[in-house]
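Before any comments, here is the structure.
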Amino acid sequence: MNTVDLITLYRSKDITETWKSAQSLEVINHPQHGLISPNKYRAMFHGKPCPYCGQKMKHGNEFKTNLKKKAIELGYQYIDKQGEKYINNVAGSCFFHPNYVTLDHKLNKARFPEKLFDYDNLQIMCWRCNHEKGDNNAFDIQHTYQYLDALAEETLERYQVL
Ligand SMILES: [Zn+2]
């Protein structure tokens, strides 16, 4: 899939379908692994910590279910930032572990369709963090700020000013 084809995608439905239909195709040019599929890219992060929340990420069939009841039993439901009960799912048909590996587009895919499969525009994070990020393009910098703020607070607590 080349950039010219991608840039002609305007409707968000087309963009989402293009992304979904390419999940098993070798469309990402990874600097170490060469051309890999989004699925393979995600699978490499099973058991690794999410760069945002630090939770161990999950990947594979044993971390998803088609039944909402089962998902709740498995503890996949959580309270999100809006205070709502939430379960990660795709079109209501498949429910995922909260820390399932996702591939996020740094620059929103609806606004930058030509960067849909661009390695530099992709970042790994768990589904819960991805849900909280939403379309917030400042998520990364806000997260860094929160981290530094917490670090400063911790430092002040440990090393009190004399
Ligand atoms: Zn996370």
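Okay, so the sequence shown: first residue is 1163 according to the numbering used here, each after it adds one.
Glycine included, each C-beta is placed from N, C-alpha and C at the ideal position.
Because the structure is a prediction, the values reported are computed rather than measured.
Between LEU1278 and LEU1168, the beta carbon gap of about 5 Å places them in contact (Cβ cut-off 8 Å). The DSSP assignment places complete beta strand (DSSP E) segments of no fewer than 3 residues inside the segment 1169–1207 at 1190–1192, 1196–1198, in order along the chain. For the 8 Å CB-CB criterion, LYS1220 and PHE1257 do not form a contact. Within the same chain, ILE1190, ASN1191, HIS1192, PRO1193 come within 8 Å of TYR1281 by CB-CB distance, once the 5 residues on both sides are set aside. Its Cα nearest to that of LEU1229, the residue VAL1252 stands out among VAL1323, TYR1309, VAL1252, TYR1321. In terms of Cβ geometry, LEU1265 and TYR1214 do not form a close pair [threshold 8 Å]. Sequence-distant partners of ASN1250 (beyond 5 residues in either direction) whose C-beta falls short of 6 Å from its own C-beta, in its chain, are PHE1258, TRP1289. For ASN1270, no beta strand (DSSP E) encloses it, and the DSSP letter there is neither H nor E. Of the residues assessed, ASN1223 falls on the exposed side of the cut-off, its CB having fewer than 16 other CB atoms within 10 angstroms. Judged by DSSP in its simplified three-state form, PRO1275 adopts helix.
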